[in-house]
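Number of protein chains: 2
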Amino acid sequence: MSETPEMGQEERALLDEVRWGGDGLIAAIAQDADDGTVLMVAWMNRAALLETVRSGYAVYWSRSRGRLWRKGEESGHVQQVVSLALDCDGDAVLLKVRQTGGIACHTGRRSCFYRQWDGQIWREMLPVVKDPKEFYR
Amino acid sequence: MSETPEMGQEERALLDEVRWGGDGLIAAIAQDADDGTVLMVAWMNRAALLETVRSGYAVYWSRSRGRLWRKGEESGHVQQVVSLALDCDGDAVLLKVRQTGGIACHTGRRSCFYRQWDGQIWREMLPVVKDPKEFYR
Chain A
19 MSETPEMGQE
29 ERALLDEVRW
39 GGDGLIAAIA
49 QDADDGTVLM
59 VAWMNRAALL
69 ETVRSGYAVY
79 WSRSRGRLWR
89 KGEESGHVQQ
99 VVSLALDCDG
109 DAVLLKVRQT
119 GGIACHTGRR
129 SCFYRQWDGQ
139 IWREMLPVVK
149 DPKEFYR
Chain B
19 MSETPEMGQE
29 ERALLDEVRW
39 GGDGLIAAIA
49 QDADDGTVLM
59 VAWMNRAALL
69 ETVRSGYAVY
79 WSRSRGRLWR
89 KGEESGHVQQ
99 VVSLALDCDG
109 DAVLLKVRQT
119 GGIACHTGRR
129 SCFYRQWDGQ
139 IWREMLPVVK
149 DPKEFYR
């Protein structure tokens, strides 16, 4: 793990309990710490999880860009981590977060899960809080 | 998709909007519809999502067993689906469910996310509601 050469005993314990997939990733769910809204799901590798814990802010692995994705690095919509939980088989984490701007989705909506199946179509249920043009320049 | 030969127009709309991964899977998060607790994350293929919508109960794809997993088929801890949402990039769904028995995890706990990082170890935070020996025979 060339990106994170210096680790203490606790940090090794943090990473060693996780069952990293064949691609070195786990699923990471971000949930609003205050009202429980599920905001998004993304991916983490070892470096992302370590930096998340070290910094106190959510850092993911962007599969499309092939690099660490410090959530909010462009939009300003960072996620302060309140708690971090690991699931029973160790291949998913749940982050309870405080979402800056109240917007987790790149479409400008509060949550990425804004389309709901109504029996006929995936209907858009959440409003655009802010036009993405205003926070992606 | 040999498992599901007969589909109506709505069912095709359901499946076509999803961006299935290279392995034919998407992530599926189950959340308690009443209090917002995130219960588990699992996987779905086309057949699993279709059967979930048709039956009204959560059906996943078990990667370890390589077959459809009708959640609760052994334990009785089925999940009645209240709503189904798709995320912005179409590769994850969020199910709000009513969890029979109040136990989603195979360890007998309410949620699979029962270990919380406390800065030193992944500490078990949720009690075992029922010994799994009582529901796996």
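The listed protein sequences derive, respectively, from chains A and B. Just so we're aligned: the first sequence equals residues 19 to 155 in our numbering. Just so we're aligned: the second sequence equals residues 19 to 155 in our numbering. Ideal placement from N, C-alpha and C gives every residue a C-beta, glycine not left out. Note that the coordinates shown come from a computational prediction; the quantities given were computed from them, not determined experimentally.
Task: Between the CA atoms of A/Thr55 and A/Tyr75 - distance to the nearest angstrom - done: Distance between the alpha carbons of A/Tyr75 and A/Thr55: 18 Å.
Open item on the list: Any contact between the stretch 144–154 of chain A and the stretch 111–127 of chain B? By contact I mean 3 or more CB pairs, one from each, below 8 Å.
Closed with: no
Open item on the list: Determine, for B/Gly54, whether the minimum Cβ-Cβ distance to residues of chain A falls below 9 Å.
Closed with: yes
Open item on the list: I'd like the span of the alpha helix (DSSP H) that includes B/Glu69, first residue to last.
Closed with: 64–73
Task: Segment limits, beta strand (DSSP E) that includes B/Ala110 - done: 110–117
TODO: Give a yes or no on whether the minimum CB-CB distance between A/Arg83 and chain B is below 9 Å.
DONE: no
Task: Simplified DSSP assignment, three categories, for A/Ala60 - done: In the structure shown, A/Ala60 sits in a strand (DSSP, three-state: E or B).
Open item on the list: What does the alpha-carbon distance come out to for the pair B/Ala60 and A/Arg72?
Closed with: 28 Å
- [ ] With 9 Å as the threshold, decide whether the Cβ of A/Thr118 is near any Cβ in chain B.
- [x] no
Open item on the list: Less than 9 Å between the C-beta atoms of A/Gln27 and A/Leu113, yes or no?
Closed with: no
Open item on the list: In whole angstroms, give me the CA-to-CA distance for B/Asp136 and A/Phe131.
Closed with: Taking the straight line joining both Cα atoms gives about 29 Å.
Open item on the list: Please report the straight-line C-alpha distance between B/Ser82 and A/Ala65, rounded to a whole angstrom.
Closed with: 26 Å
Open item on the list: What does the Cβ neighbour count give for A/Arg141, buried or exposed, with the cut at 16 atoms within 10 Å?
Closed with: exposed
Open item on the list: Is there a Cβ of chain B sitting closer than 9 Å to that of A/Arg127, yes or no?
Closed with: yes
- [ ] Give me the Cα-Cα distance between A/His95 and B/Leu43, rounded to the nearest whole angstrom.
- [x] One C-alpha to the other measures close to 29 Å.
Open item on the list: Going by C-alpha to C-alpha distance, which of B/Glu92, B/Gln134, B/Trp87, B/Asp149 sits closest to B/Ala46?
Closed with: B/Trp87
Task: Terminal residues of the beta strand (DSSP E) in which B/Glu202 lies - done: Examination of residue 202 of chain B is not possible in this model, given that chain B is present from 19 through 155 alone.
Open item on the list: So the candidates are B/Met62, B/Ala51, B/Glu29; which of them puts its Cα closest to the Cα of B/Trp38?
Closed with: Closest option to B/Trp38, Cα to Cα, is B/Met62.
Task: CA-to-CA distance, A/Glu91 to A/Leu57, given in whole angstroms - done: 17 Å
Open item on the list: Looking at A/Leu33: is its Cβ nearer than 9 Å to the Cβ of A/Leu68?
Closed with: yes
Task: A/Arg30, DSSP secondary structure in three states - done: helix
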